[in-house]
Amino acid sequence: ESVQRTFTKSIIGWSTPLSYRQRCLELRLEPLWMRRLRLNLGLIHAIAYGHAFSNSSLTQQMPEHAYSLRNKQNCLRVTPARTALRQRFFTVQYATLWNRLPQHIRSASNRFSFKTLLYRYLTPPNIQRLFRINCADDYLYEQGPGPV
Numbered sequence: 001e002s003v004q005r006t007f008t009k010s011i012i013g014w015s016t017p018l019s020y021r022q023r024c025l026e027l028r029l030e031p032l033w034m035r036r037l038r039l040n041l042g043l044i045h046a047i048a049y050g051h052a053f054s055n056s057s058l059t060q061q062m063p064e065h066a067y068s069l070r071n072k073q074n075c076l077r078v079t080p081a082r083t084a085l086r087q088r089f090f091t092v093q094y095a096t097l098w099n100r101l102p103q104h105i106r107s108a109s110n111r112f113s114f115k116t117l118l119y120r121y122l123t124p125p126n127i128q129r130l131f132r133i134n135c136a137d138d139y140l141y142e143q144g145p146g147p148v
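If you count the sequence shown from 1, position 62 lands on 62 in the numbering used here, and the numbers rise without skipping.
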């Protein structure tokens, strides 16, 4: 991320008073954490729909009950983490984020439509809702959303 900040300053000019967010918008770039988030959710989509292999229990979907809960279709089963180390595992963090996505995004069957829907969804207010944080847009661009 610091390399991209330096790169945007060198392109626009070192003496410019623009913030990192303004420089990214002017250069039509997105922060690296945003690209990483999109790619990782794309990987979770591929694993959930069987287009990629994972030896974890991530591919287990929530069971269908007669009393089917609202917005629980296409949710992934996340086993509770007993240790702080396990809470930081990729599969635990991103399966939790996957389950927080709206149902129409999770149910996109092909990869292209999933990426299109995800790109439209990931705006700063929706990212704040997804990560359950409340901060200014400039701070979100500078620091990223942090851990799940």
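Note that beta-carbon positions come from the ideal geometry of N, C-alpha and C, so glycine has one too.
Does the separation of the CB atoms of R36 and L118 fall below 8 Å? As a first step, residue 36 must be located in the sequence shown, where it is residue number 36. As a first step, residue 118 must be located in the sequence shown, where it is residue number 118. No, these two residues do not count as a Cβ contact at 8 Å.
Quick check: the stretch 15–22 against the stretch 81–88, are there 3 or more CB pairs under 8 Å? no
Let's test the definition: count the other Cβ atoms within 10 Å of the Cβ of H45 and tell me whether it reaches 16, buried, or not, exposed. Reading the sequence shown from its first residue, position 45 is the one you call residue 45. Looking at its Cβ environment, which holds 16 or more other Cβ atoms inside 10 Å, H45 is buried.
Between which two residues does the alpha helix (DSSP H) containing I11 stretch? In the sequence shown, residue 11 corresponds to position 11, counting from 1. Element bounds for I11: S2 to I12.
DSSP on F131, reduced to helix/strand/coil? Translated into the one-based positions of the sequence shown, residue 131 becomes position 131. The answer is helix: DSSP assigns F131 an H, G or I state.
Just the C-alpha distance for G42 and W33, rounded to the nearest angstrom, thanks. One-based indexing of the sequence shown puts residue 42 at position 42. One-based indexing of the sequence shown puts residue 33 at position 33. Rounded to the nearest angstrom, the gap between the Cα atoms of G42 and W33 is 14 Å.
Starting from the Cα of T96, find the closest Cα among K115, G144 and R132 and give me that residue. The sequence position of residue 96 within the sequence shown is 96, counting from 1. Looking at the Cα atoms, R132 is the closest of the given residues.
Same chain, Cβ closer than 8 Å to R21, five either side skipped, listed in chain order: As a position in the sequence shown, residue 21 is number 21, starting the count at 1. Same-chain partners within the cutoff: D137, D138, Y141 and E142.
Does L37 come out as helix, strand or coil in the three-state DSSP assignment? The count along the sequence shown starts at 1 and reaches residue 37 at position 37. Here L37 carries a helix assignment [DSSP, helix/strand/coil].
Count the other CB atoms, across all protein chains shown, that sit within 10 Å of the CB of A52; report buried if there are 16 or more and exposed otherwise. By 1-based counting over the sequence shown, the position of residue 52 is 52. Label assigned to A52: exposed.
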